[in-house]
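Q: Can you read through this structure? Questions will come right after.
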Amino acid sequence: MQAKKRYILVFVSCAFLAYCYFGGYRLKGAPHRPRRAQHESAKDGGVQPYAQLPNYLGSHELQPLSNKTNATVKRTVACRMETCFDFTKCYDQFLVYVYPPEPLNSLGAAPPTSANYQKILTAIQESRYHTSDPAAACLFVLGIDTLDRDSLSEDYVRNVPSRLARLPYWNNGRNHIIFNLYSGTWPDYAENSLGFDAGEAILAKASMSVLQMRAGFDVSIPLFHKQFPLRAGATGAVQSNNFPANKKYLLAFKGKRYVHGIGSETRNSLFHLHNGRDMVLVTTCRHGKSWRELQDNRCDEDNREYDRYDYETLLQNSTFCLVPRGRRLGSFRFLEALQAGCIPVLLSNAWVLPFETKIDWKQAAIWADERLLLQVPDIVRSISAERIFALRQQTQVLWERYFGSIEKIVFTTFEIIRERLPDYPVRSSLVWNSSPGALLTLPTFADSSRFMPFLLNSMGAEPRHNYTAVIYVQIGAALGPNAALYKLVKTITKSQFVDRILVLWAADRPMPLKKRWPPTYHIPLHVIALGGNGRGTAGAGSAVGGGGALPTSRSHNAGMGAATGDSPSPANSETLTDSRPSISQRFLPYDEIQTDAVLSLDEDAILNTDELDFAYTVWRDFPERIVGYPARAHFWDDSKNAWGYTSKWTNYYSIVLTGAAFYHRYYNYLYTNWLSLLLLKTVQQSSNCEDILMNLLVSHVTRKPPIKVTQRKGYKDRETGRSPWNDPDHFIQRQSCLNTFAAVFGYMPLIRSNLRMDPMLYRDPVSNLRKKYRQIELVGS
Amino acid sequence: MNKCLINHSRSPPHTRELILNCLTYALFTIVTLCGIWLLWDVSSIQNFMSDKKDTMVLDLSRTQEVVLESDSEQPRARNVNCTFWDCLNIYKCGQNEHDKLKVFIYPLQEFVDEKSEKVATTLSAEYFQILEAVLKSRYYTSNPNEACLFLPSLDLLNQNIFEKNLAGAALATLNFWDRGENHILFNMLPGSAPEYNTVLDINTDNAVVLGGGFDSWTYRPGFDVSIPVWSPLLQHYHPPTQFSRDRKYLLIVAQLNLLPLHLRTIRELSKKHADQVLMLGPCEGTDLALRCTRTHHQKHLEYPRILSRGKFCLVGRSLRMGQPDLLEIMSQNCIPVVAIDNYVMPFEDAIDWSLATVRVRESELHSVLRKLSVISNVKVVEMQKQVQWLYNSYFKDLRSITITALEILESRIFPLRARSIRKWNAISTNSRATFNPLFLPSLSPKSQGFTAVILTYDRVESLFLLIQKLAVVPSLQSILVIWNNQRKMPPHLSTFPSISKPLKIIQTSENKLSNRFFPYPEIETEAILTIDDDIIMLTTDELDFGYEVWREFPDHIVGFPSRIHMWNNVTMRWHYESEWTNQISMVLTGAAFHHKYWSHMYTYALPGDIKQWVDEHMNCEDIAMNFLVANITNNPPIKVTPRKKFKCPECTNTEMLSADLNHMRERSACIDRFSKIFGRIPLRTVEFRADPVLFRDNFPEKLKRYNDIGSL
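Those sequence lines, one after another, are chains A and B.
Everything in the first sequence is counted per UniProt numbering, starting at 1 for the first residue and increasing by one.
Everything in the second sequence is counted per UniProt numbering, starting at 1 for the first residue and increasing by one.
And the structure:
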């Protein structure tokens, strides 16, 4: 090897080695620090690398505290329920007091109340929340219209601070609720500028933002327009549930834009998304007096496009509807889109959606971000057909249950506040977000949804077994040994599903002695005397059968005075002030009813055991509906311009009378504790129509018709001549009841059905021995 | 080398040359070896970039030391007005993949003060696990430029054990700090004596705080995340899967650091109701895993095991809002009773705590027993199940907690990906719990009518007859003929019977049974009548009425031929039965109405290989459809009208051909097979069928709407 080459080689090698020694670290990473050596050993040992690290929490952190420590930090700035609400007023009941209209005073005559605020007050005053006694009230509602606090608006009420100061129970707003739709005014539309100090009052306000909302205290409500109905209102526009929806447009918006000022950027840039094919987003600058002066160079072009589309048509024909913020965060469009079943795409950063604490809007709306406006088309295109299908249905559920009318919005607000009370049970998110919703699910009935008829299928549960037969005795015809009532009891006793029998004695005649009743063997028989004339509801004795397996151990207390100690179970019977006992008592939620199924019977019902058992098995598959025998129908009578009621044999029916029907125990509770007192009063005064009302209630809850089983139509013992059913007035009364009920509900909840349920081999030309329900075959119509 | 040495000894004249040569070679060899080693070392970093780097980030031996200068600036104070909408830079998110959250982790660093040489924070085992969980999750990215969120490796879990000012200064030195934008800071114990702030007490500017002790005053809704306070006791503790049903105490109070005021209340309660309330205090020594009764004879009890003896366990107010007791209680499947006003429960925007906890206001603590005793046993069991499921899904270790927190952040940033509250809270192990996708509570409109989908192979004659019969059904909207024969072209449209309703023919590319359930875009109605080409006996009234029934039960299968499944005690198998029985559990799709959504589900969402299996065996598609619908809705099918004979109206039912027997055996096997795949028999047996209201009534026929209802 040549020396020269060799030296070069040696030199290069040395240089390389030197580099390796000094510079190689840089390729490997950070220098090795000796102080961490212990961790390396831990790692080599196969132990988790953090094993050597100290715990973040030392035991001293959890030691008992000395008596001196006090952790509460007082704040006075904002409000929470604990600091600004007096719970002691709400222990027993949740009642709302509405201040009377202001008298004429130094401020002059009271300002007129806007139509919407009047509707809010009416809804409260006619509801079960209302009390006229301020001492009993938990919540106070102002008589001063605070809906519109835009000082430029014509509905703006002046001098509110001094008006508030005059209120006798104001107390810096404690336990008050203030409804508000608009606050602030041009140019900044400040959310908190109400023009008065709401103090410790709960704000139920539209267009709230995350920052202004007092967590767990204020309630965000939707913005509704001036013609919003007090009750019921329009149903959701989605009639058909097509999959996929196949709407003409994917995304639509038609509305004003402001060119300048707060909240204008989003709407001003919407034209970027407009393509005229599946995305129609058109705006106009044409609003206000001086729009010409403010217009920018897009206005003319925008206006041209704007006029090509109709707002309603867009709503109906679009899958998604853009709901961008206006000057304020919320807009009418939100509810309009919801009703139309057009899935809202929200472009309103920091807006607290209505009732957000309870309603899971992810199931009904799409959140977009104003900052990412241009991504909106991609977002809506990426949503799967299944998701759209679910979202659209959910818009309808929410609309119908919480937003359809002012009454629903106000009641939902109250229920949200009510759930914060210490003694009131909290409904789960599942209840809130599925039909029939929280307003119709009274959590005081039971703490688990298992005891309710609605969510059983989605929980994979079934109603509890067996039924309680409740016989309502109104006439009390002379009871021979073959009396219909005794026959009925005998029939029921033979049923394999009966749990116990309850006889509600509302007749004037004295109750028969215990030995007269047919033996019921192991099935307990309770006879409860309902207050007849002069006896008063409160004093109604309850005679309870022993319920032992031996017939001799049954003891009926036939005497009125010697009640066996059980006080009448539901306390609510007193809510009816009339001294006359109401026929609604047959639907009281008696404690004796311990099964989910209630078989409601009239004393003269003639049914055989197979019929009872069959109807019960049908009911088990439709526990949320009324399942029974006597069917009736309602129809719209054009000549009278009113609802008609018919008991004729028709090809359809919409009512199944509770003279012989199964329904869920929960409806007794709902009937007694939820129905408007106006309705109950109608029933009490007419001593009639309670069965129609029950049908309206159940259809209102389920939005489904009742179910008629098998052929039997005549279910009354014809021999009982004294039946009020034979009275022609009785029938006319029922017709007028129907109309009253529809008026109070705000719509006609009844729904028609065209089918009846028969046993599988019913009237089939096969051997009778093959049939399970043979007795039914023998029943004629 | 040896050779060199030998040469060296043998030939002295060339000694110098040889020595030099040898040295050169030796040097060269060493250099080469060094080079190879070095190359290997470097390449190993590059080759195993993905997994090697992961561990490198958390390599404790490579912690960098950063010296904080004494005058280094503090970040700005926590911005209390932060909302998701203005403090989080959304543009950093979803850069590479549109809807994936990416989190960058700063490498481990140790911040030391220049003067005092104090360390800003010491890394704890818990924080290490949190970092590790993020690192190993799908959220991790090593590239700060594509990261949406930044996670400092600075351990801020417990405010008591770090220097407030140093930690603040350390945050400010982070490379991408930028006023804390998009930074997430985990903290479990915030505040320190005496005022015990409920949020991390250092200057965090715009950073998101994932805090363990928020109250509603400090929590920035939609921006911060409330996390649970981890209990080190649970670190190596694996709760049993089964707990004893015997829970002796109604309420157990084992929290050591209750406020004295509440402690007194509880003590009084436990004195008055000694059989219902168990009150535990600390034992001598500091072992937290032991608790002692507060009576005279101190009994040492193993904690948290003892909590499994109570139905309810109290988490009460202490100096801080969040307490590790909550998780300890949940780990024992005890139902937490939370008596901390204004406490923001962990993950409260996702978890519905009302299903699993009881909340009591602090001022009502004295009446807690009254509140607990009225809770029904059913509810208690429901809550226990919920507690156990929540604990196992979201709280069982630091990894679950970290991932849940990140998922909540992700669902804010990409709301489209977000799970609904129902999905967050529905116990996923309950196979019977379902969600009916057809939940619109209204009848379907009559106006739309139905689409008849006829699957046919080559029976043209009977097909034409069927088309003619169908065409006169008033509620029929259109007919779709699925021509499943590839060898033969369908007859020309002109040869089809001329009808007044639209008719379309689709020729399939493969003879598959599942073609009858394909959700063709040509089907414009909600309702589909699937009908075999030989079902020609159904009358107009029957079909019209069938549609009417479907309208009332749009989420059910509504149809004519019915079957039943039964358990055979001899063969110990499911058995398929076509006898005319009093019960049915299936309605065959040879003549049945269903919602188009079910066709979609059949095509795209049948579990297992059922669809493929059905297509291969050319059988049981109708059973599969019944399983599918029943499994999703828990609803039974509905049989309409008495008709039972379909295939050959002449033959009586009792004559069973051997082919038929085979057929039945095959179908029984289908039920067995499907029930294994579905994990249960979802079918529901019913005893009713739907008839017109005036069916068989003694009533003038002409006044009946559906009077042409055949028998059998």
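Don't be surprised by glycine CBs; every beta carbon is placed ideally from N, CA and C.
Please read these numbers as outputs of a predicted model, since none were measured by experiment.
Residues in the same chain with beta-carbon distance under 7 Å from Thr-357 of chain A, minus the five sequence neighbours each way, listed in chain order, please.
A: Closer than 7 Å at Cβ, skipping near neighbours: Ile-416.
Q: For chain B, check one thing: does any of its Cβ atoms lie closer than 7 Å to the Cβ of Pro-651 of chain A?
A: For the sequence presented, residue 651 of chain A should be read as Asn rather than Pro. Closer than 7 Å to some Cβ of chain B, the Cβ of Asn-651 of chain A qualifies, so yes.
Q: Taking only the alpha-carbon atoms, compute the straight-line gap between Arg-625 of chain A and Leu-185 of chain B and give it to the nearest angstrom.
A: Each residue's alpha carbon lies about 53 Å from the other.
Q: Quick one: complete alpha helix (DSSP H) runs, 4+ long, within the segment 680 to 750 of chain A?
A: For the segment 680 to 750 of chain A, whole alpha helix (DSSP H) runs of length 4 or above, ordered along the chain, are 690 to 702, 728 to 745.
Q: Could you tell me which uninterrupted alpha helix (DSSP H) segments, each at least 4 residues in length, are contained entirely in the segment 591 to 619 of chain B, listed from first to last along the chain?
A: List check, alpha helix (DSSP H) in window: 596 to 605, 610 to 617.
Q: Using a Cβ-Cβ cut-off of 7 Å, state whether Lys-362 of chain A counts as contacting chain B.
A: At least one chain B Cβ lies under 7 Å of Lys-362 of chain A.
Q: Which residues of the segment 593 to 608 of chain B have a Cβ closer than 8 Å to any Cβ of chain A? Give them in chain order.
A: Those residues of the segment 593 to 608 of chain B that come within reach of chain A (Cβ to Cβ, closer than 8 Å) are His-595, Lys-596, Tyr-597, His-600.
Q: Do three or more CB pairs link the segment 241 to 257 of chain A to the segment 369 to 382 of chain A at distances below 8 Å?
A: Result yes; three or more Cβ-Cβ pairs closer than 8 Å.
Q: For Ser-449 of chain A and Tyr-127 of chain B, I'd like the C-alpha separation in whole angstroms.
A: Approximately 40 Å between the Cα atoms of the pair.
Q: For Asn-349 of chain A, which residues of its own chain have a beta-carbon under 7 Å away from its beta-carbon, when the five flanking residues on both sides are left out?
A: Counting only Cβ-Cβ distances below 7 Å, and skipping sequence neighbours, we find Asp-369, Glu-370.
Q: Would you mind telling me which residues of chain A sit closer than 7 Å to Gly-222 of chain B, beta carbon to beta carbon, in chain order?
A: Within chain A, the residues near Gly-222 of chain B are Val-210.
Q: Nearest to Leu-530 of chain A by CA position, among A:Arg-703, A:Gly-330, A:Phe-587, is which residue?
A: Among A:Arg-703, A:Gly-330, A:Phe-587, the Cα nearest to that of Leu-530 of chain A belongs to A:Phe-587.
Q: Would you identify the three-state DSSP class for Leu-326 of chain B, choosing helix, strand or coil?
A: Reduced to three states, the DSSP call for Leu-326 of chain B is helix.
Q: Thinking just about the alpha-carbon of each residue, which of A:Ser-162, A:Leu-62, A:Asp-310, A:Leu-322 is nearest to the one in Leu-233 of chain B?
A: Cα-wise, what sits closest to Leu-233 of chain B is A:Leu-62.
Q: Smallest Cα separation from Glu-579 of chain B: which of B:Asn-160, B:Val-337, B:Lys-645?
A: Residue B:Lys-645 is the option with its Cα nearest to Glu-579 of chain B.
Q: Which residues, taken in chain order from the segment 614 to 637 of chain B, show a beta carbon closer than 8 Å to some beta carbon of chain A?
A: Flagged, chain order: Thr-633, Asn-634, Asn-635, Pro-636.
Q: Please report the distance separating the alpha-carbon of Thr-185 of chain A from that of Arg-328 of chain A.
A: Distance between the alpha carbons of Thr-185 of chain A and Arg-328 of chain A is about 10 Å.
Q: What residue range is occupied by the uninterrupted alpha helix (DSSP H) comprising Gly-644 of chain A?
A: From DSSP, Gly-644 of chain A is part of no alpha helix (DSSP H) but of the beta strand (DSSP E) over 642 to 646.
Q: When we look at the beta-carbon of Arg-620 of chain A and count the other beta-carbons within 10 Å, is it buried (16 or more) or exposed?
A: Classification for Arg-620 of chain A: buried.
Q: Please report the residue range of the alpha helix (DSSP H) in which Ala-452 of chain B lies.
A: First-last for Ala-452 of chain B: 450 to 456, but that is the beta strand (DSSP E), not the alpha helix (DSSP H).
Q: Among all the DSSP beta bridges, which residues are the ones paired with Leu-151 of chain B?
A: B:Ile-105.
Q: Can you find a CB in chain B that lies within less than 7 Å of the CB of Gly-184 of chain A?
A: Not closer than 7 Å to any Cβ of chain B, the Cβ of Gly-184 of chain A fails to qualify, so no.
Q: May I have the straight-line CA-CA distance separating Met-748 of chain A from Thr-468 of chain A, to the nearest angstrom?
A: Cα-Cα distance, rounded: 30 Å.
Q: What residues in the segment 260 to 280 of chain A bring their beta carbon closer than 7 Å to a beta carbon of chain B?
A: Cβ contacts with chain B come from no residue of the segment 260 to 280 of chain A.
Q: For Tyr-127 of chain B, return the contacting residues in chain A, with the cut-off set at a CB-CB distance below 7 Å.
A: Within 7 Å Cβ-Cβ: Tyr-56.
Q: Between which two residues does the alpha helix (DSSP H) containing Gly-168 of chain B stretch?
A: Here the alpha helix (DSSP H) through Gly-168 of chain B covers 164 to 173.
Q: Between residue 783 of chain A and Ala-633 of chain A, what straight-line distance do the alpha-carbon atoms span, to the nearest angstrom?
A: Since the first residue of chain A shown is 1 and the last is 781, residue 783 of chain A is not available in this structure.
Q: Using 8 Å as the Cβ pair cut-off and three pairs as the minimum, do the segment 282 to 294 of chain B and the segment 217 to 225 of chain B touch?
A: At 8 Å Cβ cutoff, the stretches do not touch.
Q: By the DSSP assignment, the alpha helix (DSSP H) with Tyr-196 of chain B in it spans what residues?
A: Per DSSP, Tyr-196 of chain B belongs to no alpha helix (DSSP H) and is neither H nor E.
Q: Going by beta carbon distance, what residues of the same chain come within less than 8 Å of residue 857 of chain A, once the five residues before and after it are set aside?
A: Outside the displayed range of chain A (1 to 781) lies residue 857 of chain A, so it cannot be described from this structure.
Q: For Leu-372 of chain B and Thr-434 of chain B, what's the separation of their Cα atoms in angstroms?
A: Straight-line Cα distance between these residues: approximately 30 Å.
Q: Identify, in the order they occur along the chain, each residue of the same chain with its Cβ nearer than 6 Å to the Cβ of Pro-187 of chain A, setting aside the five sequence neighbours on each side.
A: Excluding sequence neighbours, Pro-187 of chain A sits near Gly-261.
Q: Can you list the residues of chain A that Ala-418 of chain B reaches, using a CB-CB cut of under 9 Å?
A: Within 9 Å Cβ-Cβ: Lys-362, Trp-367.
Q: Hey, would you say Lys-115 of chain B sits closer than 7 Å to Thr-141 of chain B, going by beta carbons?
A: No, these two residues do not count as a Cβ contact at 7 Å.
Q: Determine the extent of the beta strand (DSSP E) in which Trp-567 of chain B is found, giving its start and end residues.
A: 562 to 568 is the extent of the beta strand (DSSP E) around Trp-567 of chain B.
Q: State the DSSP-derived secondary structure class of Ile-482 of chain B, mapped to helix, strand or coil.
A: Here Ile-482 of chain B sits in strand by DSSP.
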